[in-house]
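Participant: Position 241 (the sequence shown) corresponds to 240 in numbering that gives the first Met the number 0; numbering is contiguous. Starting off with a structure, shown below.
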Amino acid sequence: MAELKCPNCGKTFKVDDTSYADILNQVRNKEFDDELHSRLADLTKQANAARDLALAKQEAAQAKRLSELEAKIKQVEVEKELAVTRALAPIERELESTKSDLKTKNAEAKLRESALKVQYEGALRLKDEEIDRLKDLKTKLSTKMVGETLEQHCQTEFNRLRATAFRNAYFEKDNDARTGSKGDYIYREMDEQGNEIISIMFEMKNENETTATKHKNEDFLKELDKDRREKNCEYAVLVSLLEADSELYNAGIVDVSYRYDKMYVIRPQLFIPMITILRNAALNSLAFKQELAIVRNQNIDITHFEENMENFKQAFARNYELASKKFAAAIDEIDKTISHLQKTKEALLSSENNLRLANNKAEDLTIKRLTRGNPTMAEKFAELKK
Numbered sequence: 000m001a002e003l004k005c006p007n008c009g010k011t012f013k014v015d016d017t018s019y020a021d022i023l024n025q026v027r028n029k030e031f032d033d034e035l036h037s038r039l040a041d042l043t044k045q046a047n048a049a050r051d052l053a054l055a056k057q058e059a060a061q062a063k064r065l066s067e068l069e070a071k072i073k074q075v076e077v078e079k080e081l082a083v084t085r086a087l088a089p090i091e092r093e094l095e096s097t098k099s100d101l102k103t104k105n106a107e108a109k110l111r112e113s114a115l116k117v118q119y120e121g122a123l124r125l126k127d128e129e130i131d132r133l134k135d136l137k138t139k140l141s142t143k144m145v146g147e148t149l150e151q152h153c154q155t156e157f158n159r160l161r162a163t164a165f166r167n168a169y170f171e172k173d174n175d176a177r178t179g180s181k182g183d184y185i186y187r188e189m190d191e192q193g194n195e196i197i198s199i200m201f202e203m204k205n206e207n208e209t210t211a212t213k214h215k216n217e218d219f220l221k222e223l224d225k226d227r228r229e230k231n232c233e234y235a236v237l238v239s240l241l242e243a244d245s246e247l248y249n250a251g252i253v254d255v256s257y258r259y260d261k262m263y264v265i266r267p268q269l270f271i272p273m274i275t276i277l278r279n280a281a282l283n284s285l286a287f288k289q290e291l292a293i294v295r296n297q298n299i300d301i302t303h304f305e306e307n308m309e310n311f312k313q314a315f316a317r318n319y320e321l322a323s324k325k326f327a328a329a330i331d332e333i334d335k336t337i338s339h340l341q342k343t344k345e346a347l348l349s350s351e352n353n354l355r356l357a358n359n360k361a362e363d364l365t366i367k368r369l370t371r372g373n374p375t376m377a378e379k380f381a382e383l384k385k
């Protein structure tokens, strides 16, 4: 028998050993249950605290990594801009210098162009006036020229001006038929040193010289070109009265050089003006040669400009390649940093997943799960529930 004292009234009473054991078990089971619930609550708090701490550390680490990455990106952008600025600085200076040279050369070219334009417009105006005058002469031609041969007419017109306008000129019939053919007249003019200024092969065709068959100017162009080349003449001129009603040939000088090099077809009234035009052009060749020299120098300048431009492109390509390599290296470093951050992120996500699983296990912890496979504990909890 055992004696027990009531904690409220202070009385003592006796109980047998079996009852005492039951009471003692009840007290122990109550204490165990209270302690179990207390420990479960503590574990839950610890799990929640650990999860919150891990999440906070993860967020802090990610924020730090992102801040470092943004700083590196900004640094790379600054370095890239500095590299491009350094690479473009000499190029921009070279371009400014080139632009200045081009402006000066363009201004000089415009001045020369303007002077030549005034000169050529004046010559063209005189030519048009002469053509108009000769057109008027055409209508006033006397019947005397029709009666005489065209060759005699041209010879007479030339001899009238030989002593004054053509003192150093040779104008005679072409009597050299060794090549199988010959023209009518050859005009050659020399300078004071004996150098040839100009040479012209003339062929004269009169409408009245034909009888039954009417010829065209084109019928004689090929043979005239052959004679010009064989006698080493620079120009070939067909003086013709053929195709009298043709508006093309009656309009003035007809340039047929699109078929035969340096060849013209004219009416007899343009015989002397044609010699004058070609002669003046030849006398002005010196001025043209000077212009050609200027153009040649300009071409040399253009060649130098192209060389400078090529050097500029090569220098730009080298600077661009260096800047590109640095930029690629920076991008590679960024990619490595991103890869490292990705691995860190995956590790943190894995840690978070483990914490989530631990939390789920803690939340799923029940008396039934704790007593599974332990019949003694299951029996005790069952008695407590009763």
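For glycine and all other residues, C-beta sits at the position ideal for the given N, C-alpha and C.
For a test of your reading of the model: does the CB of I196 fall under 7 Å from any non-hydrogen atom of the ligand GTP? Yes or no.
Facilitator: Among the ligands in the structure shown, none appear at all, so the ligand GTP cannot be discussed.
Participant: Just reading off the alpha helix (DSSP H) that I196 is part of, what are its end residues?
Facilitator: Stepping through the sequence shown from its first residue, residue 196 is reached at position 197. Careful: I196 lies outside any alpha helix (DSSP H), inside the beta strand (DSSP E) at 195 to 204.
Participant: Just verifying my parser: in three-state terms, what is the DSSP assignment at T11?
Facilitator: For the purposes of this step, residue 11 is identified with residue 12 of the sequence shown, where counting begins at 1. T11: strand per DSSP, three-state reduction.
Participant: Counting along the chain, where does the alpha helix (DSSP H) carrying I271 start and finish?
Facilitator: Counting from 1 along the sequence shown, the entry for residue 271 is found at position 272. Here the alpha helix (DSSP H) through I271 covers 270 to 282.
Participant: May I ask you to report which of helix, strand or coil DSSP gives K261?
Facilitator: Here the question's residue 261 lines up with position 262 in the sequence shown. Note: K261 maps to coil in three-state DSSP.
Participant: Would you mind stating whether R187 and S198 have Cβ atoms separated by less than 8 Å?
Facilitator: What you label residue 187 is simply residue 188 of the sequence shown in a count that begins at 1. What you label residue 198 is simply residue 199 of the sequence shown in a count that begins at 1. Yes.
Participant: What residues in its chain sit with their C-beta under 7 Å from that of D226, if we drop five residues either side in the sequence?
Facilitator: Locating residue 226 in the sequence shown gives position 227, where the first residue counts as 1. Cβ neighbours of D226 beyond the five flanking positions: S180, K181, G182, M200.
Participant: Would you kindly work out how many angstroms separate the C-alpha atoms of P267 and D131, rounded to a whole number?
Facilitator: Walking along the sequence shown from the start, residue 267 turns up at place 268. Walking along the sequence shown from the start, residue 131 turns up at place 132. Looking at the two C-alpha atoms, the distance is approximately 15 Å.
Participant: Using CA coordinates, which residue listed in N279, E306, K342 is at the minimum distance from L123?
Facilitator: Residue numbering aside, residue 123 sits at position 124 when the sequence shown is read from its first letter. Measuring from the Cα of L123, the nearest candidate turns out to be N279.
Participant: First and last residue of the alpha helix (DSSP H) that includes R159?
Facilitator: For the purposes of this step, residue 159 is taken as the residue at position 160 of the sequence shown. Segment 149 to 164, the alpha helix (DSSP H) holding R159.
Participant: In or out: K204 buried (at least 16 other Cβ within 10 Å) or exposed?
Facilitator: Residue 204 sits at position 205 when you count from the first residue of the sequence shown. Buried: at least 16 other Cβ atoms inside 10 Å.
Participant: Can you give me the C-alpha to C-alpha distance between A327 and R317, rounded to a whole angstrom?
Facilitator: Taking the sequence shown and counting its residues from 1, one reaches residue 327 at position 328. Taking the sequence shown and counting its residues from 1, one reaches residue 317 at position 318. Their Cα atoms are separated by approximately 15 Å.
Participant: Buried or exposed: V117, going by 16 or more other Cβ atoms within 10 Å of its Cβ?
Facilitator: As a first step, residue 117 must be located in the sequence shown, where it is residue number 118. By the neighbour-count rule (16 or more Cβ atoms within 10 Å), V117 is not buried but exposed.
Participant: Quick one, which of A176, K102, N167, E120 has its alpha-carbon nearest E422's?
Facilitator: Any answer about residue 422 is impossible in this case: the structure gives the chain only from 0 up to 385.
Participant: Kindly indicate the opening and closing residues of the alpha helix (DSSP H) around E242.
Facilitator: Taking the sequence shown and counting its residues from 1, one reaches residue 242 at position 243. Note, E242: premise wrong, no alpha helix (DSSP H); not H, not E.
Participant: According to DSSP, simplified to helix, strand and coil, what is V253?
Facilitator: Position 254 of the sequence shown, counting from 1, holds the residue named residue 253. Residue state, collapsed to three classes: strand.
Participant: If I'm right that E242 touches Y234 with Cβ under 8 Å, what's the distance once you round it to whole angstroms?
Facilitator: Looking up residue 242 in the sequence shown gives position 243. Looking up residue 234 in the sequence shown gives position 235. Not quite, the Cβ-Cβ distance comes to about 21 Å (not below 8 Å), so this is no contact.
Participant: I'd like to know if G251 contacts chain D, where contact means its C-beta is closer than 8 Å to some C-beta of that chain.
Facilitator: Any reference to chain D falls outside this structure, which holds one protein chain only.
Participant: Are K230 and I185 touching if we call contact CB-CB under 8 Å?
Facilitator: Position 231 of the sequence shown, counted from the first residue, corresponds to residue 230. Position 186 of the sequence shown, counted from the first residue, corresponds to residue 185. Going by beta carbons, K230 and I185 fall inside the 8 Å limit.
Participant: Would you check if the distance between the CB atom of L223 and the CB atom of R258 is smaller than 8 Å?
Facilitator: Taking the first residue of the sequence shown as 1, we reach residue 223 at position 224. Taking the first residue of the sequence shown as 1, we reach residue 258 at position 259. Taking 8 Å as the Cβ cut-off, L223 and R258 do not qualify as a contacting pair.
Participant: According to DSSP, is A46 helix, strand or coil?
Facilitator: Stepping through the sequence shown from its first residue, residue 46 is reached at position 47. Correct three-state label for A46: helix.
Participant: Using a 10 Å radius around the Cβ and a threshold of 16 neighbouring Cβ atoms, would you call N216 buried or exposed?
Facilitator: On the sequence shown, residue 216 is found 217 positions in, with the first residue counted as 1. Result: buried.
Participant: Looking at the structure shown, is K172 part of a helix, part of a strand, or coil, going by DSSP?
Facilitator: Here residue 172 refers to the residue found at position 173 of the sequence shown. Here K172 sits in strand by DSSP.
Participant: Can you check whether the CB of T343 is closer than 8 Å to the CB of K71?
Facilitator: Residue 71 sits at position 72 when you count from the first residue of the sequence shown. Residue 343 sits at position 344 when you count from the first residue of the sequence shown. No; because the gap between Cβ atoms is not below 8 Å, this pair is not in contact.
Participant: Decide if L282 is buried, meaning its Cβ has at least 16 other Cβ atoms within 10 Å, or exposed.
Facilitator: Sequence index remark: in the sequence shown, residue 282 carries index 283 (1-based). Exposed is the call here.
Participant: Which residue from S284, I271, A346, T11 puts its Cα closest to that of Q154?
Facilitator: Mapped onto the sequence shown, residue 154 falls at position 155. Taking only the C-alpha atoms, the option nearest Q154 is I271.
Participant: E80 to A62, Cα distance in whole Å?
Facilitator: Residue numbering aside, residue 80 sits at position 81 when the sequence shown is read from its first letter. Residue numbering aside, residue 62 sits at position 63 when the sequence shown is read from its first letter. Using only the alpha carbons, I get a separation of about 27 Å.
Participant: Exposed or buried, what is S349 when buried is set at 16 or more other beta-carbons lying within 10 Å of its beta-carbon?
Facilitator: Translated into the one-based positions of the sequence shown, residue 349 becomes position 350. That one is exposed.
Participant: Distance, Cα to Cα, T84 vs V75?
Facilitator: To locate residue 84, count along the sequence shown from 1; it is residue 85. To locate residue 75, count along the sequence shown from 1; it is residue 76. Spanning the two alpha carbons is a distance of roughly 14 Å.
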